[in-house]
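Q: Next up is a structure, given as structure tokens.
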Amino acid sequence: MPGEDYAEAVRISFGEVPDLPFLPELPDRGVTAGMTGRTLAMVTDLGFDLQPAGWRLTDASGVDHRRARSLLAHDLDVLEEHAQDYAGELKVQVCGPWTLAATVERPRGDRLLADAGARRELGEALAEGLEAHLADLRRRVAGARLVVQVDEPALSAVLAAQVPTSSGFGRHRSVDPAGASAGLEPVFAAIERAGAQSIAHCCASNAPVALLRGAGAGGVSIDLDVLAAEGYDELGSAFDEGARVFLGVVPSVQPPVIPTERQVAERVLRLLDMLGFDPEEVGAQLVVSPSCGLAGASPEYARTALTLVRDSAVRLRGD
4 MPGEDYAEAV RISFGEVPDL PFLPELPDRG VTAGMTGRTL AMVTDLGFDL
54 QPAGWRLTDA SGVDHRRARS LLAHDLDVLE EHAQDYAGEL KVQVCGPWTL
104 AATVERPRGD RLLADAGARR ELGEALAEGL EAHLADLRRR VAGARLVVQV
154 DEPALSAVLA AQVPTSSGFG RHRSVDPAGA SAGLEPVFAA IERAGAQSIA
204 HCCASNAPVA LLRGAGAGGV SIDLDVLAAE GYDELGSAFD EGARVFLGVV
254 PSVQPPVIPT ERQVAERVLR LLDMLGFDPE EVGAQLVVSP SCGLAGASPE
304 YARTALTLVR DSAVRLRGD
């Protein structure tokens with residue numbers, strides 16, 4: 004979400020999408036509040052610090068890592084205060100292990116992606132930290148049924164050897180699908196052990212839906228605007244298997260003409276018809292969502308986008 008007022012972001016979340024409110028991320032507050040910093044705040048068994056090139060694995064937690072933890076604790080306090088009597092689904096999110104490995108540096112430089120041992124250690128520490136984070140959320144919001152979105156925007160680049168080295172002159176070697184799945188499995192397993200539902204989000208055109216499902220994701224979240232033709236078969240298989248599907252059909256930043264709820268609903272219905280599904284048959288699996296995060300939107304449009312996904316979902320249900 005855009006802005007720096009966390010309490011207001013929580014109020015908007017619960018007010019505009021009451022059927023699936025979420026724990027907001029507000030990266031406008033600085034790097035400790037961004038996707039990577041937010042997730043590293045959950046990782047307590049490893050140390051990190053902020054360097055000019057970004058986050059780096061260190062022997063002990065630096066001041067910025069401690070600030071990220073403090074900020075997350077503050078935000079959870081705000082959520083707890085607002086959601087004391089809430090009962091229902093609550094979505095939270097975490098940066099996935101491959102995107103972390105592609106963005107966090109090793110102690111001696113370059114990405115953790117280049118070191119199989121270091122990235123495995125990071126994935127295991129992430130799984131453990133996430134499990135503790137979800138236990139804390141359950142304590143704070145006892146009536147919540149947690150849905151955990153694992154954000155993997157860099158996974159397609161990792162698979163295709165498109166992640167640049169620190170020098171910018173080369174690319175990290177590709178990770179094969181079996182290795183990529185093995186890296187994801189501990190995180191999805193930790194979510195399952197915590198009694199939560201996992202959703203894997205990848206907004207790339209070649210989002211590896213089948214790989215994510217095979218690694219244990221209970222559902223997938225994709226951007227329909229960029230999904231390549233070959234991705235539709237895997238999306239259809241996800242529906243067939245009973246997976247939860249988050250369809251990104253509302254622009255993340257304001258377009259020249261904002262679609263109406265009718266237009267959004269009709270677009271979803273056309274997709275389901277093309278895949279051969281009856282809306283009533285898969286309605287319980289389907290979530291209408293923005294195509295990606297709303298941090299780049301204006302505050303006014305962010306609220307509009309959330310209202311639009313809510314009203315489009317109501318229209319699809321026929322309420």
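Position 22 (the sequence shown) corresponds to 25 in the numbering used here; numbering is contiguous.
Just so you know, even glycine gets a beta-carbon here, dropped at the ideal spot from N, CA and C.
Quick caveat, the model's predicted, so the values are computed rather than measured.
1) Return the chain-ordered list of same chain residues with a C-beta closer than 7 Å to the C-beta of LEU230, the five sequence neighbours on each side being excluded.
2) Restricting to Cα atoms, I'd like to know which of LEU23, ARG216, PHE172 and LEU129 is closest to PHE51.
3) Just to confirm the assignment: which complete alpha helix (DSSP H) runs, minimum length 4, are found wholly within the region 164 to 227?
4) Rounded C-beta distance between ASP126 and PRO100? I'm assuming under 8 Å.
5) Once you ignore the five residues that flank SER169 on each side, which residues in its own chain have a CB closer than 8 Å to its CB?
6) Could you check whether PHE191 and GLY219 sit closer than 8 Å to each other, using their CB atoms as the reference points?
7) When the Cα atoms are used, what is the spatial distance from GLN165 to CYS206?
8) So the candidates are ALA157, VAL291 and ARG72; which of them puts its Cα closest to the Cα of VAL34?
9) DSSP on VAL56, reduced to helix/strand/coil?
10) Can you give, in chain order, each stretch of the alpha helix (DSSP H) that sits fully within the region 72 to 119 and has at least 4 residues?
11) If you drop the 5 nearest sequence neighbours on each side, which residues of the same chain put their C-beta closer than 7 Å to that of VAL46?
12) From ALA287 to SER64, what does the alpha carbon distance come to, in whole angstroms?
13) Do you know offhand how far VAL66's Cα is from GLU28's?
14) To the nearest angstrom, how far is the alpha carbon of ARG148 from that of PHE17?
15) Tell me, please, which residues DSSP counts as bridged to LEU149.
16) Taking only three categories from DSSP, how would you classify ASP276?
17) What are the residues that DSSP puts in a beta bridge with ARG247?
18) In terms of residues, what are the limits of the alpha helix (DSSP H) holding VAL317?
19) Taking GLY251 and ASP226 to be in contact with their CB atoms under 8 Å, please state how far apart those CB atoms are, rounded to whole angstroms.
20) Grab the span of the beta strand (DSSP E) containing SER292 for me, first residue to last.
21) Consult DSSP for ASP154 and reduce its assignment to one of helix, strand or coil.
22) Alpha carbon to alpha carbon, how far is ALA36 from LEU74? Give it in angstroms, no decimals.
23) How about VAL223 and VAL153: are their beta carbons less than 8 Å apart?
A: On the basis of the coordinates in this document:
1) Counting from one through the sequence shown, the residue named residue 230 turns up at place 227. Result list for LEU230: SER208 and ALA210, in chain order.
2) Along the sequence shown, one-based indexing puts residue 51 at 48. When each option's Cα is compared against that of PHE51, the closest is LEU129.
3) 180 to 196 and 212 to 217
4) Against the sequence shown, residue 126 aligns to sequence position 123. Against the sequence shown, residue 100 aligns to sequence position 97. Here the sequence assigns Gly to residue 126, which means Asp is not the residue at that position. Confirmed, about 4 Å.
5) Here residue 169 is taken as the residue at index 166 of the sequence shown, counted from 1. So the qualifying residues of the chain are ALA56, GLU108, GLY112, ASP113 and ARG114.
6) Here the question's residue 219 lines up with position 216 in the sequence shown. Here the question's residue 191 lines up with position 188 in the sequence shown. Result yes, Cβ atoms of GLY219 and PHE191 sit closer than 8 Å.
7) As a working mapping, residue 165 is identified with position 162 in the sequence shown. As a working mapping, residue 206 is identified with position 203 in the sequence shown. The straight-line gap from Cα to Cα measures roughly 16 Å.
8) Counting from 1 along the sequence shown, the entry for residue 34 is found at position 31. Checking every option, the nearest Cα to that of VAL34 belongs to ARG72.
9) Sequence index remark: in the sequence shown, residue 56 carries index 53 (1-based). Correcting the residue type first, residue 56 is Ala in the shown sequence and not Val. In the structure shown, ALA56 sits in coil (DSSP, three-state: anything other than H, G, I, E or B).
10) 100 to 106
11) As a working mapping, residue 46 is identified with position 43 in the sequence shown. Cβ within range, chain order: ALA128, LEU129 and GLY132.
12) Within the sequence shown, the letter at position 284 stands for residue 287. Within the sequence shown, the letter at position 61 stands for residue 64. Roughly 43 Å separates the two Cα atoms.
13) Numbered from 1 along the sequence shown, position 63 holds the residue referred to as residue 66. Numbered from 1 along the sequence shown, position 25 holds the residue referred to as residue 28. Those two C-alpha atoms are separated by around 20 Å.
14) Numbered from its first residue, the sequence shown carries residue 148 at position 145. Numbered from its first residue, the sequence shown carries residue 17 at position 14. If you take the alpha carbons of ARG148 and PHE17, they lie about 14 Å apart.
15) Position 146 of the sequence shown, counted from the first residue, corresponds to residue 149. Answer by DSSP bridge pairing, in chain order: LEU93.
16) In the sequence shown, residue 276 corresponds to position 273, counting from 1. Residue state, collapsed to three classes: helix.
17) By 1-based counting over the sequence shown, the position of residue 247 is 244. Answer by DSSP bridge pairing, in chain order: GLY222.
18) Taking the first residue of the sequence shown as 1, we reach residue 317 at position 314. Per DSSP, VAL317 belongs to the alpha helix (DSSP H) from 302 to 320.
19) Along the sequence shown, one-based indexing puts residue 251 at 248. Along the sequence shown, one-based indexing puts residue 226 at 223. That belief holds up - the Cβ atoms of GLY251 and ASP226 are roughly 4 Å apart, short of 8 Å.
20) Position 289 of the sequence shown, counted from the first residue, corresponds to residue 292. Residues 289 to 293.
21) To locate residue 154, count along the sequence shown from 1; it is residue 151. If DSSP states are grouped into helix, strand and coil, ASP154 belongs with the strands.
22) The residue given as residue 74 occupies position 71 in the sequence shown. The residue given as residue 36 occupies position 33 in the sequence shown. LEU74 and ALA36: Cα-Cα distance of roughly 7 Å.
23) Walking along the sequence shown from the start, residue 223 turns up at place 220. Walking along the sequence shown from the start, residue 153 turns up at place 150. Result no, Cβ atoms of VAL223 and VAL153 do not sit closer than 8 Å.
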